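Peer 1: Quick one: the structure is below, and I'll ask about it shortly.
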Amino acid sequence: MPLPPIDPNAVFLNIPYDEEFQRLYLAYIVGIYQLRLVPLITSGIPGGERRLDRVLALIQSCRYSFHDLSRVEMSVALPATPRFNMPLELGLTITWAKLHPKRHTWFLWESTPHRLQKSMSDLNGTDPYIHSGTVEGVLSELRNAFVFRDAPPVENMLAAYRLVESNLERILSAAGTQNLYSASVFKDMCFVALNAARSNMDAPGI
Amino acid sequence: MPRAVQLPTPRPSIESLIKRLRIPKARQKELQAIMDEARARLAAEKQAAASDTVKQEEKLQNASAAD
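From first to last, the protein sequence lines are chains Z and E.
Count along the first sequence from 1, add 1, and you get the number used in our numbering.
Count along the second sequence from 1, add 303, and you get the number used in our numbering.
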């Protein structure tokens, strides 16, 4: 069976889709575009039996993946349940990357040092990027994860983030939703993030 | 810290990345207008902050000259 085509700039974003994570979600989108990579998420993939197949296909099409495990914790709503989607998708990714190491590179993200050793000791020896639960943390760790000539400084990335964040309410209202993770809002945010990246080139620091 | 990945250059252009989003032109215009307004607002705020700083510095200089 032929291997699926791969997008050399695509980043599969394995994150929690909840309210507390919104600022970091936006930081990932802005930051990934600042590196001229392309974020892809599972929003828009319908649930059901075929969902996992589609998630796997998405992972296989991406050259990179980010797995943010900072919110792998018990849900507040009863019955208290651990959130396993992110570890499940990480497991799929690790298997895929083991089979095809030249086609995929994955990155782990956490909020606190040593939490990963406690939650998933099988991953000992794999260093996660620690964002400390902050936008600045995500952006500076993104710059640590990827290097290239003329990469933007973190200060410019933060300015772009602020510009995009200041537009969020209007984007949501124009889309007629409050769900930041919906497929249409994701697209709009991508457009705005790219637009902000263009501003950075024209006027560093905005 | 994990080892950084060296990305190949040149990186894809912003225009090419916008194109692959496949957002209808009308929606792009709306979003562009929102961005332009936000930029203008941020620039005005920045200018106002700079002008406040200059005024405060002048005030301090005048006060110290009076002493």
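C-beta: ideal position from N, C-alpha, C; glycine also.
Please read all numbers here as calculations on a predicted model, not as lab measurements.
Return the chain-ordered list of same chain residues with a C-beta closer than 6 Å to the C-beta of isoleucine 131(Z), the five sequence neighbours on each side being excluded.
Peer 2: Position 130 of the first sequence holds residue 131(Z). Excluding positions up to five away in sequence, the list reads Glu111 and Pro114.
Peer 1: Is there a Cβ of chain Z sitting closer than 8 Å to that of threonine 356(E), yes or no?
Peer 2: As a working mapping, residue 356(E) is identified with position 53 in the second sequence. No - not a single Cβ of chain Z is within 8 Å of the one on threonine 356(E).
Peer 1: Is asparagine 15(Z) buried or exposed, if buried means 16 or more other CB atoms sit within 10 Å of its CB?
Peer 2: Reading the first sequence from its first residue, position 14 is the one you call residue 15(Z). With 16 or more Cβ atoms within 10 Å of its Cβ, asparagine 15(Z) is classed as buried.
Peer 1: Give me the subset of the stretch 330-347 of chain E whose CB atoms are less than 8 Å from a CB atom of chain Z, sorted by chain position.
Peer 2: Arg330, Gln331, Glu333, Leu334, Gln335, Ile337, Met338, Ala341, Arg342, Arg344 and Leu345
Peer 1: Threshold first: 4 residues or longer. Then list the alpha helix (DSSP H) segments lying entirely within the stretch 307-358 of chain E, N to C.
Peer 2: Here the runs fully enclosed are 317-322.
Peer 1: Does the structure place the stretch 29-48 of chain Z close enough to the stretch 177-194 of chain Z that three or more beta carbon pairs sit under 8 Å?
Peer 2: yes
Peer 1: Taking all protein chains shown into account, do 16 or more other C-beta atoms lie within 10 angstroms of the C-beta of phenylalanine 85(Z), making it buried, or fewer, making it exposed?
Peer 2: One-based indexing of the first sequence puts residue 85(Z) at position 84. Residue burial is scored here from C-beta neighbours: phenylalanine 85(Z) has fewer than 16 other C-beta atoms within 10 angstroms and is therefore classed as exposed.
Peer 1: For the stretch 94-126 of chain Z, enumerate the residues whose C-beta is nearer than 9 Å to any C-beta of chain E, in chain order.
Peer 2: Thr106, Phe108 and Leu109
Peer 1: Taking 7 Å as the limit between beta carbons, can you name the residues of its chain near arginine 52(Z), skipping five residues before and five after?
Peer 2: Locating residue 52(Z) in the first sequence gives position 51, where the first residue counts as 1. So the qualifying residues of the chain are Ile46.
Peer 1: Mind listing the chain Z neighbours of glutamine 309(E)? Cutoff is C-beta to C-beta under 9 Å, in chain order.
Peer 2: Your numbering for residue 309(E) matches position 6 in the second sequence. Under the 9 Å cutoff, chain Z gives Phe147, Val148 and Phe149.
Peer 1: How is phenylalanine 147(Z) classed by DSSP in three states: helix, strand or coil?
Peer 2: Position 146 of the first sequence, counted from the first residue, corresponds to residue 147(Z). Strand.
Peer 1: Just to confirm, is the Cβ distance from leucine 146(Z) to alanine 307(E) under 8 Å?
Peer 2: Numbered from 1 along the first sequence, position 145 holds the residue referred to as residue 146(Z). Numbered from 1 along the second sequence, position 4 holds the residue referred to as residue 307(E). In the sequence under discussion, the amino acid at residue 146(Z) is alanine, which differs from the leucine named in the question. Yes. Within cutoff.
Peer 1: Below 9 Å on C-beta distance, what does isoleucine 30(Z) contact in chain E?
Peer 2: As a first step, residue 30(Z) must be located in the first sequence, where it is residue number 29. By Cβ distance, chain E contributes nothing, its closest Cβ being about 12 Å from isoleucine 30(Z), past 9 Å.
Peer 1: Could you please tell me which residues of the stretch 61-83 of chain Z, in chain order, have their CB closer than 9 Å to any CB of chain E?
Peer 2: Tyr65
Peer 1: Can you confirm whether isoleucine 271(Z), when its beta carbon is compared against all beta carbons of chain E, has any partner nearer than 8 Å?
Peer 2: No answer is possible for residue 271(Z): it lies beyond the span of chain Z, which begins at 2 and ends at 207.
Peer 1: Chain E beta carbons: is any one of them nearer than 8 Å to that of valine 193(Z)?
Peer 2: Here the question's residue 193(Z) lines up with position 192 in the first sequence. Flagged as an interface residue toward chain E: valine 193(Z), by a C-beta distance shorter than 8 Å.
Peer 1: Helix, strand or coil: which one does DSSP assign to proline 40(Z)?
Peer 2: Counted from its first residue, the first sequence places residue 40(Z) at position 39. In the structure shown, proline 40(Z) sits in a strand (DSSP, three-state: E or B).
Peer 1: Taking CB distances under 8 Å as the criterion, tell me whether leucine 363(E) reaches chain Z.
Peer 2: On the second sequence, residue 363(E) is found 60 positions in, with the first residue counted as 1. Not closer than 8 Å to any Cβ of chain Z, the Cβ of leucine 363(E) fails to qualify, so no.
Peer 1: Quick one: which chain E residues come within Cβ less than 8 Å of leucine 36(Z)?
Peer 2: Position 35 of the first sequence, counting from 1, holds the residue named residue 36(Z). Those are Leu310 and Arg314, listed as they occur along chain E.
Peer 1: Would you say alanine 11(Z) reaches chain E, if we count a Cβ-Cβ gap shorter than 8 Å as a contact?
Peer 2: Here residue 11(Z) refers to the residue found at position 10 when the first sequence is read from its first residue. It does not: the Cβ of alanine 11(Z) has no partner Cβ on chain E nearer than 8 Å.
Peer 1: Phenylalanine 149(Z) to glycine 134(Z), Cα distance in whole Å?
Peer 2: The residue you call residue 149(Z) lines up with position 148 of the first sequence. The residue you call residue 134(Z) lines up with position 133 of the first sequence. Looking at the two C-alpha atoms, the distance is approximately 25 Å.
Peer 1: Rounded to the nearest angstrom, how far is the Cβ of glutamine 342(E) from that of serine 174(Z), given a contact under 8 Å?
Peer 2: The count along the second sequence starts at 1 and reaches residue 342(E) at position 39. The count along the first sequence starts at 1 and reaches residue 174(Z) at position 173. The sequence shown places arginine at residue 342(E), not glutamine. Contact flag wrong, Cβ pair sits at about 19 Å.
Peer 1: In three-state DSSP terms, what is arginine 171(Z)?
Peer 2: Translated into positions along the first sequence, residue 171(Z) becomes position 170. Here arginine 171(Z) sits in helix by DSSP.
Peer 1: If I measure Cβ to Cβ from alanine 28(Z) and keep anything under 7 Å in the same chain, skipping five residues before and after, which residues do I get?
Peer 2: The count along the first sequence starts at 1 and reaches residue 28(Z) at position 27. For alanine 28(Z), where only same-chain residues beyond five positions count, the Cβ hits under 7 Å are Val136, Val139, Leu140 and Tyr162.
Peer 1: Taking serine 200(Z) as the query, report the chain E residues whose CB atoms sit under 9 Å from its CB, ordered along the chain.
Peer 2: As a working note, residue 200(Z) is residue 199 in the first sequence. What serine 200(Z) touches in chain E: Met338 and Arg342.
Peer 1: Along chain E, which residues have their Cβ under 8 Å away from the Cβ of leucine 164(Z)?
Peer 2: The residue labelled residue 164(Z) in the question sits at position 163 within the first sequence. Chain E residues near leucine 164(Z): Met338, Ala341, Arg342 and Leu345.
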